[in-house]
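Trainee:
Chains as they are written, first to last, in the numbering used here: chain A, 29 to 140; chain B, 39 to 149.
1) Beta carbons nearer than 9 angstroms to chain A: which residues of the stretch 64 to 78 of chain B have them?
2) Given this structure, state the Cα-to-Cα distance separating residue 112(B) from residue 106(B), to the nearest angstrom.
3) Check whether chain A comes within 8 angstroms of residue 143(B), counting only Cβ atoms and requiring the distance to be less than that.
4) Any contact of the stretch 40 to 60 of chain B with the stretch 112 to 123 of chain B, i.e. 3+ C-beta pairs under 8 angstroms?
5) Quick check: the Cα distance between residue 63(B) and residue 130(B), rounded to an integer number of angstroms?
6) DSSP state of residue 121(B), grouped into three classes?
7) Could you tell me whether the Cβ of residue 55(A) comes closer than 8 angstroms to any Cβ of chain B?
8) What is the rounded straight-line gap between the Cα of residue 111(A) and the Cα of residue 140(A)?
9) Got a sec? Which residues, its chain only, sit under 7 angstroms from residue 87(A) by beta carbon, not counting five neighbours each side?
10) Measuring CA to CA, which of 69(A), 105(A), 31(A) and 98(A) is closest to residue 85(A)?
Structure, rendered in structure tokens:
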């Protein structure tokens, strides 16, 4: 059973556009929600993370929106750049630093 | 700061063999987790080590075992390799209560 469901599977965005990736979860015990970026042949790199006590967190061009009642959270990449082309994973854990449950990933392509 | 380092980067093994993968955590991190990432999939949690003991374990068979040393480095051992064990094996380290940082992984191919 997939604990965290992620969509879309792939996404193509024009340079300068907004990329939006969505995730949903069922386990209300989750209390930490990070997003990771992964380039081919590399390990996932932490982008941004949020706790359920806030509805939004912004770091540079990356924003997480969190809807606790709907059990959904999303990543918004503003002013998308070709260098953002990568696979993005959402994840969830019960108590940060413990086991992460990952989504299935979204392959983002930003067209120049 | 070297970050999380894993060795080797690539490995080819024959079905039935045993393999040992190694991980050095980021400086100051005392918790090490191992994940298996099949091609095109998200990482799947194998187990986590803290204070040299296995603290959590995912849904993986006993063929997968590990160890953590006093310097916090860790090993992942897989016995009786199957073709389905071919994957990218990721090590993640974290200080207590904070997010995990991943190494670049070991690509294991079982033939």
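Glycine residues also receive a C-beta, built at the ideal position from the N, C-alpha and C atoms. Keep in mind that this is a model prediction, so the values were computed, not measured.
Mentor: Here's the rundown:
1) 69, 71, 73, 75 and 78
2) Along the second chain, read from residue 1 onward, the residue named residue 112(B) stands at position 74. Along the second chain, read from residue 1 onward, the residue named residue 106(B) stands at position 68. Going from the Cα of residue 112(B) to the Cα of residue 106(B) covers about 4 angstroms.
3) Reading the second chain from its first residue, position 105 is the one you call residue 143(B). By this cut-off, residue 143(B) is an interface position.
4) yes
5) Locating residue 63(B) in the second chain gives position 25, where the first residue counts as 1. Locating residue 130(B) in the second chain gives position 92, where the first residue counts as 1. Annotation: residue 63(B) to residue 130(B) spans about 7 angstroms, alpha carbon to alpha carbon.
6) The count along the second chain starts at 1 and reaches residue 121(B) at position 83. Three-state DSSP puts residue 121(B) in a helix.
7) What you label residue 55(A) is simply residue 27 of the first chain in a count that begins at 1. Not one chain B Cβ lies under 8 angstroms of residue 55(A).
8) As a first step, residue 111(A) must be located in the first chain, where it is residue number 83. As a first step, residue 140(A) must be located in the first chain, where it is residue number 112. Cα-Cα distance, rounded: 10 angstroms.
9) Along the first chain, read from residue 1 onward, the residue named residue 87(A) stands at position 59. Excluding positions up to five away in sequence, the list reads 76.
10) Position 57 of the first chain, counted from the first residue, corresponds to residue 85(A). The shortest Cα separation from residue 85(A) among 69(A), 105(A), 31(A) and 98(A) belongs to 105(A).
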